[in-house]
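Comments concern the structure below.
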Amino acid sequence: QVQLKESGPGLVQPSQTLSLTCTVSGFSLTSNSVHWVRQPPGKGLEWVGAIWSGGSTDYNSALKSRLSISRDTSKSQVFLKMNSLQTEDTAIYFCTRYVGSYGFAYWGQGTLVTVSS
Amino acid sequence: DVVMTQTPVSLSVSLGGQVSISCRSSQSLVHNNGNTYLSWYLQKPGQSPQLLIYKVSNRFSGISDRFSGSGSGTDFTLKISRVEPDDLGVYYCGQGTQYPLTFGSGTKLEIK
């Protein structure tokens, strides 16, 4: 069945770079898009960015200058890198399989990233 | 960016009752291809969001017919009938018509 699982450091220091990995199973990255959505503690959902089946990417314009999403199809992994982290970037980061007609159809469990010294 | 406005912020309902949640977008969500990409999600406490409704009124796989969506253009509604304990959580609307994808701020459903 479709599964997504995020992994990465729980704590990142301010101004440092965040690196997250989303490992997927049950579907192919070459025929599906994977998106990142984040949620600050106790707050709502914010779309971060996406990598499409062909490998192109789209980013939230507010984060674009700090953000990079890439993938390794052989390992069924999608990567998020965000630099110059600030405390406002503290959030649960979810990777999701986005199905065009449906929306965010499948979600990972999420990983909490805390930006603090 | 398309701004999604949800009301109310929270609501309380008795088991077996019915509730409606409103979602309004700052621009029409009708895509050039004629489809309207408005979805509803439920985030239960401590869990990831789950897809309930897609393209305004279509229930996702395994979703109870107690959940129904309606609306068009910029004005949408989620109705939950015969509310059960497992329905509690935060409901979000989300649009997929225009990038960046955006969500409403959420409606918290509590059981009386």
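Chains A and B, in that order, are what the protein sequence lines are.
If you use this note's numbering, the first sequence closes out at 117, no skipped numbers anywhere.
If you use this note's numbering, the second sequence closes out at 229, no skipped numbers anywhere.
The beta-carbon is built from N, C-alpha and C at its ideal position, and this holds for glycine as well.
Computed from a predicted model, the values in this text were never measured in an experiment.
Query                                                                                                                                                                           : Result
Okay, do the stretch 75-87 of chain A and the stretch 131-141 of chain B touch, 3+ Cβ pairs below 8 Å being the bar?                                                            : no
Once the 5 residues before and after B:Lys229 are set aside, which same chain residues still bring their CB inside 7 Å of it?                                                   : Ser129, Val130 and Ser131
For A:Gln109, go through chain B and note every residue whose CB falls closer than 9 Å to its CB, in chain order.                                                               : Gln164 and Ser165
Among A:Thr17, A:Ser7, A:Gln1 and A:Gln3, which one has its Cα closest to the Cα of A:Leu85?                                                                                    : A:Thr17
Can you tell me which of the three DSSP states A:Thr87 falls into?                                                                                                              : helix
If we cut at 7 Å on Cβ distances, does A:Tyr93 have a partner in chain B?                                                                                                       : no
List, in order along the chain, the chain A residues whose C-beta lies closer than 8 Å to that of B:Glu185?                                                                     : Here residue 185 of chain B is Ser; the residue named in the question, Glu, does not match the sequence. What B:Ser185 touches in chain A: nothing, since even the nearest Cβ is about 17 Å away.
Compare the C-alpha of B:Gln123 against each of B:Ser178, B:Val136 and B:Ser142 and name the closest.                                                                           : B:Ser142
From which residue to which residue does the beta strand (DSSP E) around A:Glu46 run?                                                                                           : Glu46 to Ile51
Helix, strand or coil: which one does DSSP assign to A:Arg66?                                                                                                                   : helix
Report yes if the C-beta distance between B:Phe177 and A:Leu45 is below 7 Å; otherwise report no.                                                                               : no
Taking 6 Å as the cut-off, does the CB of A:Thr90 come closer than this to any heavy atom belonging to the ligand SAM?                                                          : Only the bare structure without any ligand can be found here, which leaves the ligand SAM out of the picture.
Going by CA-CA distance only, name the one from A:Thr96, A:Thr87, A:Tyr98 and A:Gln1 that's closest to A:Thr114.                                                                : A:Thr87
Considering only residues of the same chain and omitting the five flanking positions on each side of A:Phe104, which have a CB-CB separation below 6 Å?                         : Thr96 and Tyr98
Across the stretch 20-34 of chain A and the stretch 143-158 of chain B, are there enough close Cβ pairs to call them in contact, namely three or more that are closer than 8 Å? : no
Which residue from A:Gly8, A:Val37 and A:Thr57 puts its Cα closest to that of A:Arg71?                                                                                          : A:Thr57
Would you mind reading off the limits of the beta strand (DSSP E) that contains B:Asp192?                                                                                       : Asp192 to Ile197
Tell me the rounded alpha-carbon separation between B:Tyr171 and A:Tyr102.                                                                                                      : 5 Å
Taking Cβ positions, are B:Pro166 and A:Trp107 nearer each other than 7 Å?                                                                                                      : yes
Less than 8 Å between the CB atoms is what I'm expecting for B:Thr214 and B:Leu146, so what's the real figure, rounded?                                                         : 5 Å
If you follow the beta strand (DSSP E) that B:Asp203 is in, where does it begin and where does it stop?                                                                         : Careful: B:Asp203 lies outside any beta strand (DSSP E) and carries neither H nor E.
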